[in-house]
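Per my numbering, the sequence shown starts with residue 397, numbered consecutively. Even glycine gets a Cβ: it sits at the ideal position worked out from N, Cα and C.
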Amino acid sequence: MFAVVVGSPGLANAQPAADPTPSTPSTPSADPGPGPDRSRGLPAGWQITGKRSGQQLTWRSNRPVPMGDAAVEFYSGDRLLGRPEPGKDGHTFRLDLEGVALGAVKDLQVRAAGRRLDEAGVKADSKRRSAKKPVKPVEPVEPSALPPANPVDPGVPGPYRAVSGEYTLKSVQLPDFPAPVEMRATVTAPAGAQGKRPLALFLHGRHATCFTGGADGEALGEWPCPTGSKPIPSYRGYLHDQKLLASQGYVTVSISANGINGQDYAAQDAGTQARSSLVRQHLAHWADWSGAGRTKAPAIVRKSARADLSRVLLVGHSRGGEGVNRAATDSLAKPPADKDGYRGPVRWKIRGTVLIGPTVFGQNPAPDVPSMTILPGCDGDVSDLQGEIYVDGTRGVSRGAALHSAVYMVGANHNYFNTEWTPGQAEAPAVDDFWNDEETPPDPVCTPGAATRLTAERQQAAGSTYTAAAARMFVAGDDRVRPLLDGSNVRAASAGPARVLTHAVGARRTAAFLPDAPVTVDGGRLCAQVDPDPATACLNPENPGGSPHFAGWETEREPGRDAVAFDWSTPGSSVRVRPGRPVSLSGAESLALRVIVPPNTTGTRMDVSLTDTAGRQATLGALRLDGLPGSDRTASYWGQEVRVPLTAATAAGLDLKRVKSLVLTPRSGSGQAWLMDAWGWRPGMAAVRPVALPRVDIGRLTTDEGDSGVRTHKVPVRLSGQGSGQIRLFVADPETREVTSRLVTVRPGGGSVDVPIDVRGNTRFSYGTEHNVFAKAVRGTVVGNHLGGLSVTDDDPMPTFKATPLVGRVTEGQSLKWRIDQSAVADTDLWIEAAFVPVDGGAELSSTDVDPQWFEENTGESPSPARPLSEVEVFYPDIAVPAGELSTEVTVPTVVDGVSEPEESLRMRLSIGTDDGEAVEGPVLDGTVVDAP
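Here it is, written out as structure tokens:
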């Protein structure tokens, strides 16, 4: 790998040690594009490590990163590089660079649900918060100001006594998961209930899998559990929910998924399909136990009432939420057999889902299965509250009859819905997931003790109450609890003082003004929910705070997701929204709008007017909104549902079958707002008839690059089911880094979806190329596996290197300099590791003999006190031969220290990893510095 030029004093390049102490970061710079960047320098905490044919981008945090549900992702600026594999130490994350166009590295970032985790990001956020005016504490809502209580309270326990127990079955092998996954569950059921009873199945989220010691011990993320540790019983964390439902007549089962949590880092879909498979494996057993297989059922099942598999509610927390959503989809539209861990018949009917602080990596909710999504206002894990997409993402996809509700719970965090994730209640180590920054004041909304922050007990009571409301509505069909979930501004008394707001789509709503459809806006602007350009985006990405509606996805720009943004400085300036064709509000009682106003604002008022195609106009009434409690660390820009009756329009003689435009006229002095959508509303539930929509699954193909010529490959896009529908298909170009999209009509059995990709062979080394393709349902379809593409494996040898001294002996104040020559150009940047080693005799150059800024940038340490360079623990000056070039230079600047000293030397050793991960030592490189005259 290395060739040494005789007499070479060497070259310095070292990547960071295993445990760097992050330094003050370099100023982030914009990504200059796909060309080489000669000014690159890895930020603190980052290094390039690993095998020569498959190097890794490695980041190590100086604080533990708890195992959670939000995906940890590496970015270069706003460009997603990929999802790294976590190390066992809880600090280290590694991303295989095969197929990754790394680009500029000065703005490397680590994010989870949009929140920065890397030291540069944490410090930048902290600096920004410190520069802002302090946010005044949020005053609690007075009890008299709370909405009226709903006449029916689903949180009141029912008449049944609960019986509880557990079962353990033989573990199952799931596709792409090396170790078997446990089949373990806890059952709580009504004692003495007659007849078959509805079944509620709970699935916990991604949490640490094993632990040693007790609540103060150590949490681990491995599977199977290492010797001396035991599994964390996350599946027991919903017993409070189970007991309430059991008292009301439901058989409940909460299943364990540690085996998925400990292995899903390697799954392209983060374990979504595996979780669906596990859910359906358990349901298949319950179908047996409720029929002829009753005698072979576990003891606790035999003690319980028979479960009615035609009435199933699925409850999922965090990644468990995405898992049960996929299980609902898979129960209607069969997944590809080679990726599915359950291949038997579907002997159950999913009547609804409850999703608690869920992830939604695929952003493809089950449109025909009613859902309720709890959005915890102080979620420190899935902090962007991306679960809102389970509501917004269903609009227009199918018939629209299923109710999809979002429940925004002010002051709730992510973990406390599960008692086994709650400090003081859990058997294993547990934490409050809302993070506290030591360098800034406490968060005014979410720090424990704040007026708006819920205690664990209050949060759990509210969660149980709204879970029971969903069960009562979706499974029991009790319309009396619908107002608790559909934006009708009532509360459940059993939720106590928790402030809970709701909105919904579906049920008996009719689509009216949806910005995603062709629409013209006057007096405001049609804004993009996901776009890095502040002039285009609904919310400036650089501003603090976020919106659940605007959660990002696989691409930094996403067409087809819009809202209406408007602001005003004086009352009376109107915004007019005109759809591409007249809309009908015939049969509706009210116009229901979902409107966002900034957090912590009060008294936003506006009039709502309609105009029909004949030019008749009527003002329906006025609306008043206060912003949600929020801070720069919460996602509080959330659409509140407000309704104005249509009686004024009827009195004015408007033709409600042909409404041409909606006008919003602010009456408050100044402000800003965003219109998400507006619907014709009438009470009641619509009949939900789930159908098996055409299904799309994107596969991945792997091929060798070859040495010459151009070969065309087609990305495998699997179509199943019947009928036709439409998806939006995205294709990412790894060279230009541009993502293009197009609408595609899919007809299973009547044609294929062609995604051709040309692969040009050559003899230049690279780490391979990833051509990513992803899809989202638009109309009349569902998408299972949303992400796939073509992986091109490079088959060329890595170049060899030699080092040549350019300036190997200098007087202090000058710079040592070397050149690295590469034997052949490569299609990727090639990185070489190096480290200082002791010199052979004589004085060694110290930390104060080199430029202090250079030293701090490349070690993360202060040069004082002076110590030999070989004793510096962390040293990572970046050395990379840029793609397409043959050489690079390395400079070590020295300083004049004014001290009379003997001749001093430095010595560095180059190294590079081999295919088996071992480091191969390269030449020893020497440099000498003498006193200035």
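Query	Result
Nearest CA to the CA of residue 1098: which residue from 1105, 1088 and 1109?	1109
Tell me whether residue 815 sits in a helix, a strand or coil according to DSSP, three-state version.	helix
Does the Cβ-Cβ distance between residue 947 and residue 780 come in under 8 Å?	yes
Assuming residue 710 is part of the beta strand (DSSP E), what are its boundary residues?	703 to 713
Can you list, in chain order, the residues of its chain with a C-beta nearer than 7 Å to that of residue 1040? Leave out the 5 residues immediately preceding and following it.	986, 987, 1004, 1016, 1017 and 1019
Just list the residues that DSSP pairs residue 489 with in beta bridges.	455 and 482
Could you tell me the distance, in whole angstroms, from the CA atom of residue 435 to the CA atom of residue 1277?	At residue 435, the pLDDT of 34 sits below 50, so the modelled position is not reliable and the matter cannot be decided from this model.
Among 980, 577, 1196 and 560, whose alpha-carbon lies nearest the alpha-carbon of residue 568?	577
Alpha carbon to alpha carbon, how far is residue 1190 from residue 1168?	17 Å
Can you give me the Cβ contacts of residue 490 inside the same chain, cut-off strictly under 6 Å, excluding the 5 residues immediately before and after it?	452, 454, 480 and 481
Could you please give the first and the last residue of the uninterrupted beta strand (DSSP E) stretch that includes residue 1123?	1121 to 1128
So, at 6 Å on beta carbons, what are the nonlocal neighbours of residue 560 in its own chain, with the 5 sequence-adjacent residues on each side left out?	584
Only counting the same chain, and skipping five residues up and downstream in sequence, which positions put a Cβ closer than 6 Å to that of residue 707?	594, 747 and 871
Below 8 Å between beta carbons: does that hold for residue 921 and residue 961?	yes
Mind checking who residue 1109 pairs with in its DSSP beta bridge?	1153
For residue 664, which three-state DSSP category applies?	coil
Looking only at its chain, what residues have a beta carbon closer than 6 Å to the beta carbon of residue 1226, apart from the 5 residues adjacent to it on each side?	1277
Going by beta-carbon coordinates alone, are residue 696 and residue 562 separated by less than 8 Å?	yes
With a 10 Å radius around its C-beta and 16 neighbouring C-beta atoms as the bar for buried, classify residue 590 as buried or exposed.	exposed
Rounded to a whole number of angstroms, what is the C-alpha to C-alpha distance between residue 785 and residue 1246?	53 Å
Quick one: Cα of residue 989 to Cα of residue 1060, how far?	11 Å
To test your reading of the DSSP string, which unbroken alpha helix (DSSP H) runs of 4 or more residues are found completely within the stretch 990 to 1073?	1043 to 1047
Short of 6 Å in beta carbon distance, which residues of its chain neighbour residue 1326, apart from the five on each side in sequence? Order them along the chain.	1207 and 1299
Measure the alpha-carbon distance for residue 1027 versus residue 1072 and round it to whole angstroms.	21 Å
Applying the criterion that 16 or more other CB atoms from any shown protein chain within 10 Å of the CB defines a buried residue, is residue 1106 buried or exposed?	exposed
Flag this pair as yes or no: are the beta carbons of residue 810 and residue 758 separated by less than 8 Å?	no
Whole angstroms are fine: how far does the CA of residue 1085 sit from the CA of residue 905?	16 Å
Let me make sure I understand the geometry here. Which of 971, 1051 and 864 has the alpha-carbon closest to that of residue 1010?	1051
Expressed to the nearest angstrom, what Euclidean distance is found between the alpha-carbon atoms of residue 1209 and residue 1244?	12 Å
Would you mind stating whether residue 1259 and residue 1271 have Cβ atoms separated by less than 8 Å?	no
Taking only three categories from DSSP, how would you classify residue 471?	strand
Residue 858 to residue 822, Cα distance in whole Å?	19 Å
So for residue 424, helix, strand or coil by DSSP?	Note that residue 424 scores 30 on pLDDT, short of 50, meaning its location in the model is unreliable; the coordinates nonetheless yield the value given after this. If DSSP states are grouped into helix, strand and coil, residue 424 belongs with coil.
Might you give, ordered along the chain, the residues of its own chain that have their beta carbon closer than 6 Å to the beta carbon of residue 856, omitting 5 neighbours on each side?	636
Hey, out of 1198, 1115 and 1234, whose CA is closest to residue 1181's CA?	1115
For residue 760, is the classification buried or exposed, using 16 other Cβ atoms within 10 angstroms of its Cβ as the cut-off for buried?	buried
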